[in-house]
Amino acid sequence: NLSCLVPHGLLVFFPSFPSMEKTLEFWRATGHTNRIEKLKPMFVEPTEKGTFNEVIDGYYTKVNDPRSKGGAFFGVCRGKASEGLDFADMFGRGVIITGLPFPPKKDPRVVLKMQFLDEMNQKNSVGQKYLSGQDWYRQQAFRAVNQAIGRVIRHKEDYGAIFLCDQRFKNADTRAMLPSWVRSYVRLYDTFGNVVRDVSQFFRTAQKM
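Once you know that position 54 of the sequence shown is 54 in UniProt numbering, the rest is easy, because the numbers rise by one and skip nothing.
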């Protein structure tokens with residue numbers, strides 16, 4: 001449905017490569033990928049760096065083709081596309097965040113970082129203040145989210161829709177971690193019909209400006 005609503009380029013970011021692969025595998029088995037492909041050709045961020053340029057060039061070419069309906073790029077937060085590429089104007093009219101990309105909690109580096117911060121907080125050095133391990137952990141997830149949603153709005157005349165598809169965004173404390181330019185515009189929906197109505201109206205208005 002969002003592939004139909006969003007014109008030109010649509011970006012979809014997952015928390016990690018395993019979560020993206022698992023989702024795409026399920027969609028292939030249930031026919032969802034075929035339905036998406038009929039609306040927008042799908043381009044998936046590869047795990048191998050060597051083929052990345054080929055995939056992203058294919059996406060840009062398809063979106064730029066006036067005969068096509070655009071394209072959908074599927075990538076991961078903290079990946080090359082979500083943090084290092086420009087999807088201005090028609091190349092990023094919508095971005096979907098499918099979940100919060102928390103770092104792997106059992107990763108030794110993550111464990112050590114959280115332990116270090118908690119220990120420094122307990123020492124409570126005069127004149128020095130450290131994040132708690134848990135605050136740092138949350139911060140890492142939202143830094144990645146904010147980088148990803150920032151791919152869509154690249155200059156003052158640019159426009160796009162941001163879809164935060166994780167129920168945790170219903171929580172005010174979670175939304176407070178979003179960029180200031182996003183927070184005041186967040187809308188919560190209980191039914192998808194209202195999303196269709198508002199997104200359709202948004203793009204009709206934006207395209208006339």
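We treat Cβ as the ideally placed atom computed from N, Cα and C, and that holds for glycine.
Only a predicted model underlies this, so the values are computations on that prediction, with no experimental measurement involved.
ask   = Which partner residues of Gly-71 appear in the DSSP bridge assignment?
value = In the sequence shown, residue 71 corresponds to position 71, counting from 1. By DSSP's assignment, Gly-71 forms a beta bridge with Gly-9.
inquiry  = Quick check for students: name the residue ranges of the alpha helix (DSSP H) that lie wholly in the UniProt domain "ATP-dependent helicase C-terminal" (17-171), counting only runs of 4 or more.
reply    = Listed in chain order, the complete alpha helix (DSSP H) runs (minimum 4 residues) inside the UniProt domain "ATP-dependent helicase C-terminal" (17-171) are 17-30, 32-39, 52-64, 80-84, 108-123 and 133-149.
key: Rounded straight-line distance, which links the Cα of Arg-168 to that of Arg-183   = Position 183 of the sequence shown, counted from the first residue, corresponds to residue 183. Position 168 of the sequence shown, counted from the first residue, corresponds to residue 168. Using only the alpha carbons, I get a separation of about 14 Å.
task = For the alpha helix (DSSP H) containing Arg-183, list its first residue and its last residue.
result = As a working note, residue 183 is residue 183 in the sequence shown. Element bounds for Arg-183: 180-183.
query = What does a CB cutoff of less than 7 Å around Gly-79 pick up in its chain, not counting 5 residues either side in sequence?
reply = Here the question's residue 79 lines up with position 79 in the sequence shown. Excluding the 5 residues flanking it on each side, Gly-79 has same chain C-beta neighbours closer than 7 Å at Glu-45, in chain order.
Limits of the alpha helix (DSSP H) - the one that Arg-204 falls within = Position 204 of the sequence shown, counted from the first residue, corresponds to residue 204. Unbroken alpha helix (DSSP H) run through Arg-204: 192-208.
Of the listed residues Lys-170, Phe-202 and Gly-99, nearest to Phe-17 (C-alpha basis) = On the sequence shown, position 17 is the one that residue 17 refers to. Of Lys-170, Phe-202 and Gly-99, the residue nearest in Cα terms is Gly-99.
inquiry  = Quick check on this structure: which residue in Val-111, Arg-154 and Phe-102 has the alpha carbon closest to the alpha carbon of Asp-166?
reply    = By 1-based counting over the sequence shown, the position of residue 166 is 166. Nearest C-alpha to Asp-166: Phe-102.
task = Inspect the beta-carbon positions of Gly-94 and Leu-39 and report whether they are closer than 8 Å.
result = Along the sequence shown, one-based indexing puts residue 94 at 94. Along the sequence shown, one-based indexing puts residue 39 at 39. Against a cut-off of 8 Å, the Cβ pair of Leu-39 and Gly-94 comes out as no contact.
key: Proximity below 8 Å, CB of Leu-85 to CB of Arg-151   = Stepping through the sequence shown from its first residue, residue 85 is reached at position 85. Stepping through the sequence shown from its first residue, residue 151 is reached at position 151. Contact: yes.
request  = Going by CA-CA distance only, name the one from Pro-7, Thr-61 and Asn-1 that's closest to His-32.
outcome  = For the purposes of this step, residue 32 is taken as the residue at position 32 of the sequence shown. Comparing alpha carbon positions, the residue from Pro-7, Thr-61 and Asn-1 closest to His-32 is Asn-1.
key: C-beta neighbour in chain D for Ser-184, strict 8 Å   = Annotation note: the requested chain D is absent from the structure, which comprises a single protein chain.
Straight-line Cα distance separating Val-186 from Ser-68 = Along the sequence shown, one-based indexing puts residue 68 at 68. Along the sequence shown, one-based indexing puts residue 186 at 186. Note on geometry: alpha-carbon atoms of Ser-68 and Val-186 lie some 30 Å from one another.
ask   = Tyr-189: buried (16+ other C-beta within 10 angstroms of its C-beta) or exposed?
value = To locate residue 189, count along the sequence shown from 1; it is residue 189. When all chains shown are included, Tyr-189 counts as exposed.
ask   = Taking Cβ positions, are Met-114 and Tyr-137 nearer each other than 8 Å?
value = As a first step, residue 114 must be located in the sequence shown, where it is residue number 114. As a first step, residue 137 must be located in the sequence shown, where it is residue number 137. A contact, by the Cβ cut-off of 8 Å.
message = Counting C-beta neighbours from all protein chains within 10 Å, is the total for Met-209 16 or more, i.e. buried, or is it exposed?
response = Locating residue 209 in the sequence shown gives position 209, where the first residue counts as 1. Counting Cβ neighbours within 10 Å, Met-209 comes out exposed, since fewer than 16 surround it.
task = Tell me whether Ser-200 is buried or exposed, calling it buried when 16 or more other Cβ atoms sit within 10 Å of its Cβ.
result = For the purposes of this step, residue 200 is taken as residue 200 along the sequence shown, with counting starting at 1. With fewer than 16 neighbouring CB atoms inside 10 Å of its own CB, Ser-200 falls in the exposed class.
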